[in-house]
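Chains as they are written, first to last, in our numbering: chain X, 592 to 1024; chain V, 670 to 863.
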Amino acid sequence: MSMTLTEKILAKHSGKREVEPGESVWIDVDVLMTHDVCGPPTISIFKNEFGEDAQVWDKNKLVIIPDHYIFTEDKYANRNVDILRAFASEHTLPNYYDVGTDRYKGVCHVALPEEGFTRPGEVLFGTDSHTCTAGAFGEFATGIGNTDAAFIMGTGKLWVKVPETMQFYFEGDSMPPYVMAKDIILRIIGDIGVDGATYRTMEFAGPGIKAMDIESRMTITNMVIEAGGKNGVVEPDEVTEEYVKSRSDADYELFHSDPDAKYYSQHKYNLEEMVPMVAKPHSPDNKATAEEVAGTPLTRAYIGSCTGGKLSDFVAAAKILKGRKVAIDTFIVPATTEVKQGLSTEKIDGQSLKNIFEEAGCNIGNASCAACLGGPEDTFGRLNGEEVCISTTNRNFPGRMGSKKSSVYLASPYTVAASSLNGKITDPREYIN
Amino acid sequence: MAEDIIKGKAFVLGKNIDTDQIIPAQHLVYSLEDPEERKFYGKYALSGTPIEESGLPQGNIPLVKDDAFESEFNIIVAGPNFGCGSSREHAPAALQIAGVKAIVAPSYARIFYRNSVDGGFVIPLESMEDLSKEVKTNDELEIHKKDRVLKNVTQDKSYPLKPLGSVEDIIAAGGIFKYARKMGMVPEKEKEVS
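Here you go:
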């Protein structure tokens, strides 16, 4: 029977020769990831259900990355990191990345690949909806809740319903120079809606995705959850393998969709015809072109998160900000400590990204999720009032970045940087041709 | 299995109610175990929903009153894609702590649905149509689980509900752990062994 890439991974992990969409199967888990918001309740369910002295099913497969509420005075938030630390110590967990140490990483979805935990053909679950990011590496990755995570922590297994697959085929070898992967995924979400892929896999194929670097692919798979997708996946190729081999010595298996695999639907996009996009408040599918909303007044710009806080996102922003001054409060939040280091080492015409941002008048923060999801009131960059913000993040729900009175426009790092210079939404084609 | 009929007052919401609206991220710091801290999840349940869209059709009705920790409403009736966004299990937990027993919506976001079922927090029932324009906040409702019917006692109307399908056994057991114990996949808790 012909199968898609996702079906093949789920078949392999359920010990079956083949699986069909709609079928419920129990699968073996390769990596379980949790963080400071969902880790503590997961640990308490684990202890409650399996016993105070219960052992984790496989210490090497559990990864704990505190990243959400790190640089805050909130006593409950800090208490939650203490709970992770105590659990890691009690179980001598090798993959705990503690706050305040050299091991601290920052945003889990960017830290996982950096630390070699995203490998083709594997199954990754995480207690965070953007766990789907790791599908960029040709694996099955999706978000779950605390109860499911506690179940995996004790058994190494979980049930899943095999999803149907929607294929998004990218024609064209390259995007125009002013278009980024963020524009493509905002366009797709706008086309199919915030529930357009509910319960389904979004598979990205064609020469357009093959031509993208790994970070651009991660931007695309990161936001499949914004269309309701269960997972997003890109077929592994030499780009994938080159990255994975540079970060991990572990064996992995490459799966590909059969040419005659059955798809729920197939959608074609010609990347050469794409334009800069935004999602207007208060929904990621509220699409417009940057050109259509150009001139909308803004009070803040924000570049960060698992979606738009990777090194390539800051290189893009710096290209536009170099030698210029921002007109509104502009926040730069590197996803991880490695990305933050990169701001100092990566240069454009001899000038570091950090120096470019400082000279432009941006505020640079520490690696964490920061204001992407609001968080405690003292969170760096949080929208505490009636701000109108343009952001490289992934969600613009009411109150998502803080106050219910604020509004958020989602866009690419190019569009956010261009807009920060004018204090109003600006099509990046004004700066890049 | 819990009682077959769930009775309660309706609380009506629109479409795409995301988990940031159900429980805003700043409140995700409280312990779900500690009885005193846990109450705050009830207090802040649905506090992120724009107030004009809360308690339809008239709006401006919070699920939980300002000085309260629990709601007078037990059944949420909402539009499609309920629970989209973040995977925070605190969302179905917050609704349960506020006193919500069941939700009726034409469709759910996947992770919220799973969390509701696997954690045994609230029962996510699927209606054939979007009932958020039919039912009014404060209507007296009855959900007849076995017959798969939602009865609106106030308006004297009935609506069919979709079968629960493959998750029915997990809901009947009361969550994934209870189900897995029943199936012999997870050992019994020591204190439960007689």
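Where a beta carbon is used, it is the ideal one built from N, C-alpha and C, also for glycine.
| Asked | Found |
| --- | --- |
| Paired residues, beta bridge with W750 of chain X - DSSP | X:W617 |
| Below-7 angstroms beta-carbon distance, F988 of chain X vs any chain A residue | Among the protein chains in the structure shown, which are X and V, there is no chain A. |
| Proximity test, Cβ basis, 7 angstroms: V746 of chain V and chain X | no |
| Whole-number beta carbon distance between G717 of chain X and G734 of chain X, since they are thought to touch under 8 angstroms | 6 angstroms |
| Residue range of the alpha helix (DSSP H) that includes A796 of chain X | No alpha helix (DSSP H) holds A796 of chain X; the beta strand (DSSP E) holding it covers T792 to A796. |
| Within chain V, the residues that T718 of chain X reaches when beta carbons sit closer than 7 angstroms | S756 |
| Which listed residue (X:G820, X:I600, X:F971 and X:I811) has its alpha carbon closest to that of G787 of chain X | X:G820 |
| Close Cβ partners of V672 of chain X (< 7 angstroms) along its chain, the five nearest in sequence each way excluded | D627, P657 and V690 |
| C629 of chain X (DSSP reduced to helix, strand or coil) | coil |
| Cβ contact (3+ pairs, closer than 8 angstroms) linking the region 943 to 953 of chain X and the region 973 to 984 of chain X | no |
| Residue environment, N987 of chain X, which counts as buried when at least 16 other CB atoms sit within 10 Å | buried |
| Which of helix, strand or coil DSSP assigns to V746 of chain V | strand |
| Collapsed DSSP secondary structure at V647 of chain X in the structure displayed | coil |
| Rounded Cβ spacing between L715 of chain V and Q695 of chain V (contact assumed at less than 8 angstroms) | With 8 angstroms as the limit, L715 of chain V and Q695 of chain V do not qualify as a contact, their Cβ atoms being about 15 angstroms apart. |
| Candidates X:D920, X:Y1000, X:N1024 and X:H873, of which the one nearest I1016 of chain X by Cα | X:Y1000 |
| S765 of chain X classed as buried or exposed, judged by whether at least 16 other C-beta atoms fall within 10 angstroms | exposed |
| Neighbour list for R779 of chain V in chain X, Cβ cutoff strictly below 7 angstroms | T789, Y790, G819 and K821 |
| Simplified DSSP state of V862 of chain V, which is helix, strand or coil | Bear in mind that a pLDDT of 46 at V862 of chain V, under 50, signals an unreliable position, so the number given afterwards is only what the model happens to contain. Residue state, collapsed to three classes: coil. |
| Under 8 angstroms (Cβ pairs) to chain X, residues found in the region 841 to 860 of chain V | G844, I845, F846, A849, M854, V855, K858 and E859 |
| Beta-carbon proximity list for P754 of chain X, same chain, < 8 angstroms, skipping 5 on both sides | T597, P612, Y790, R791, T792, K821 and N822 |
| Run of the beta strand (DSSP E) containing F731 of chain X, from where it starts to where it stops | F731 to G734 |
| Whether A654 of chain V touches S723 of chain V by CB criterion (7 angstroms) | Absent from the structure is residue 654 of chain V, since the part of chain V shown begins at 670 and ends at 863. |
| Sub-7 angstroms separation of P827 of chain X and G914 of chain X beta-carbons | no |
| Any C-beta of chain V under 7 angstroms from that of N975 of chain X | no |
| Close-in-space but distant-in-sequence residues of the same chain around I600 of chain X (CB under 8 angstroms, 5 per side omitted) | G712, E713, V714, E730, F731 and F846 |
| Residues near N686 of chain X in its chain [Cβ-Cβ closer than 6 angstroms; skip 5 each side] | V654 |
| Bridge partners - G895 of chain X, DSSP secondary structure assignment | X:V924 |
| DSSP three-state assignment for N861 of chain X, whether helix, strand or coil | strand |
| Per-residue burial, S863 of chain V [other beta carbons within 10 Å of its own, 16 or more giving buried] | Reliability fails at S863 of chain V, whose pLDDT of 42 lies under 50, so the model's placement of it is uncertain and no value is given. |
| Separation of G965 of chain X from Y1022 of chain X, as counted between CA atoms | 30 angstroms |
| Test: R710 of chain X CB closer than 7 angstroms to a CB of chain V | no |
| Min CB distance L964 of chain X to chain V below 7 angstroms | yes |
| Within chain X, the residues that Y699 of chain V reaches when beta carbons sit closer than 8 angstroms | Y667 |
| Nearest-angstrom Cβ-Cβ length linking Y710 of chain V and A771 of chain V, presumed shorter than 8 angstroms | That pair is no contact at about 18 angstroms. |
| Cβ of A694 of chain V within 7 angstroms of any chain X Cβ | yes |
| Inter-residue spacing [alpha-carbon to alpha-carbon] between I776 of chain X and H721 of chain X | 14 angstroms |
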